[in-house]
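Participant: Here UniProt numbering is used: the first residue of the sequence shown is 1, the next is one more, and so on.
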Amino acid sequence: MCDPEKENLCLYGFPNETWDVALPDEILPPELPEPTLGINFAREGIDEKDWLSLVAVHSDAWLLAVAFYLGARIGFDKEGRKRLFQMINGLPTILEVVSGAADRKQAEEKMPNSISKSNKSSSKPSRQSEMKSSKVAPPPSEEDDDEHGNTMCSACGGNYSTDEFWICCSVCERWFHGKCVRISPARAEHIKQYKCPACSSTKRARA
């Protein structure tokens with residue numbers, strides 16, 4: 001399929017998560033960022049793993065270019081662009097998937113969670129207190145001012161502030177303004193484990 005003897009070939013990704021290698025589409029809208037041509041040429045004289053990584057890097061670069069091009073066309077403001085960037089960073093890159101780094105990272109993230117779950121099961125009150133502390137904003141103590149000052153909302157990119165309600169995703173452990181994810185303090189009291197929009201959509205896609 002990627003014979004170096006063939007003409008310039010491109011890698012195409014489709015909404016159903018399938019891929020295809022084919023000639024460039026002649027009717028591609030001229031204003032869109034152009035994908036890398038000739039991915040088949042580099043295959044000759046290079047290790048297959050390195051070649052796949054090279055294709056993955058070019059694919060990542062093209063997807064980022066298209067995402068921010070569409071953001072500019074739609075008219076995203078500064079906060080919209082920040083949110084788009086945060087959402088993209090919340091997902092593994094194609095290179096991470098191809099190299100297996102995404103699976104390793106996911107396994108590493110699950111290990112501490114499984115250990116903490118076994119510890120939580122030994123005491124029901126401690127389980128409830130730990131779960132509650134993972135949902136709402138950290139207490140505004142003076143000793144932690146420096147630490148929380150570096151915390152950023154994963155939706156809008158805004159810095160931590162003690163006078164705003166924050167909530168933490170139980171899956172990816174990222175912090176969000178309550179207003180950015182439409183969660184009020186009253187509603188948070190009834191949520192056992194909060195999942196941010198990105199983690200919720202990922203779960204639905206896998207299902």
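Where a beta carbon is used, it is the ideal one built from N, C-alpha and C, also for glycine.
Go ahead and pull the three-state DSSP assignment for valine 181.
Facilitator: By one-based count along the sequence shown, residue 181 stands at place 181. Coil at valine 181, not helix or strand.
Participant: Using the Cα positions of glutamate 34 and cysteine 196, report the straight-line distance between them to the nearest angstrom.
Facilitator: The residue you call residue 34 lines up with position 34 of the sequence shown. The residue you call residue 196 lines up with position 196 of the sequence shown. Note on geometry: alpha-carbon atoms of glutamate 34 and cysteine 196 lie some 33 Å from one another.
Participant: Pull up the distance between the alpha-carbon of proline 92 and that of cysteine 199, whole angstroms please.
Facilitator: Taking the first residue of the sequence shown as 1, we reach residue 92 at position 92. Taking the first residue of the sequence shown as 1, we reach residue 199 at position 199. So the two alpha carbons sit approximately 12 Å from each other.
Participant: What runs of the alpha helix (DSSP H), each 4 residues or longer, lie entirely inside the segment 42 to 78?
Facilitator: Complete alpha helix (DSSP H) runs here, min 4: 48 to 74.
Participant: Give every residue of the same chain whose Cβ lies closer than 6 Å to the Cβ of serine 201, excluding the five residues on either side of it in the sequence, and list them in chain order.
Facilitator: If you number the sequence shown from 1, residue 201 lands on position 201. For serine 201, where only same-chain residues beyond five positions count, there are no Cβ hits under 6 Å.
Participant: So the alpha helix (DSSP H) valine 21 belongs to, where does it begin and stop?
Facilitator: The count along the sequence shown starts at 1 and reaches residue 21 at position 21. Annotation: valine 21 is outside any alpha helix (DSSP H); the continuous beta strand (DSSP E) that includes it extends over 19 to 22.
Participant: Based on the DSSP output, what are the partners of cysteine 172 in its beta bridges?
Facilitator: Along the sequence shown, read from residue 1 onward, the residue named residue 172 stands at position 172. Bridge partners of cysteine 172: none, in fact.
Participant: Less than 7 Å between C-beta atoms, sequence neighbours within five positions excluded: which residues of the same chain meet that for tyrosine 69?
Facilitator: Position 69 of the sequence shown, counted from the start, is the residue given in the question as residue 69. The residues are Leu32 and Pro33.
Participant: Would you tell me roughly how many angstroms separate the C-alpha atoms of valine 171 and alanine 155, rounded to the nearest one?
Facilitator: As a first step, residue 171 is located in the sequence shown; it is residue number 171 there, counting from the start. As a first step, residue 155 is located in the sequence shown; it is residue number 155 there, counting from the start. Straight-line Cα distance between these residues: approximately 15 Å.
Participant: If you measure between the beta carbons of isoleucine 94 and aspartate 60, is that distance less than 8 Å?
Facilitator: Taking the first residue of the sequence shown as position 1, residue 94 is located at position 94. Taking the first residue of the sequence shown as position 1, residue 60 is located at position 60. In this structure, aspartate 60 lies closer than 8 Å to isoleucine 94 by Cβ.
Participant: Looking at the unbroken alpha helix (DSSP H) that takes in glutamate 96, where does it start and where does it end?
Facilitator: As a first step, residue 96 is located in the sequence shown; it is residue number 96 there, counting from the start. Where glutamate 96 is concerned, the enclosing alpha helix (DSSP H) stretches over 94 to 99.
Participant: Give me whichever residues DSSP pairs with asparagine 159 in a beta bridge.
Facilitator: The residue given as residue 159 occupies position 159 in the sequence shown. Paired residues: Met152.
Participant: Please state the DSSP three-state secondary structure of cysteine 199.
Facilitator: Walking along the sequence shown from the start, residue 199 turns up at place 199. DSSP places cysteine 199 in helix when its eight states are reduced to three.
Participant: Look at tyrosine 194 and cysteine 153 and say whether their C-beta atoms are less than 8 Å apart.
Facilitator: In the sequence shown, residue 194 corresponds to position 194, counting from 1. In the sequence shown, residue 153 corresponds to position 153, counting from 1. Contact flag unset, no.
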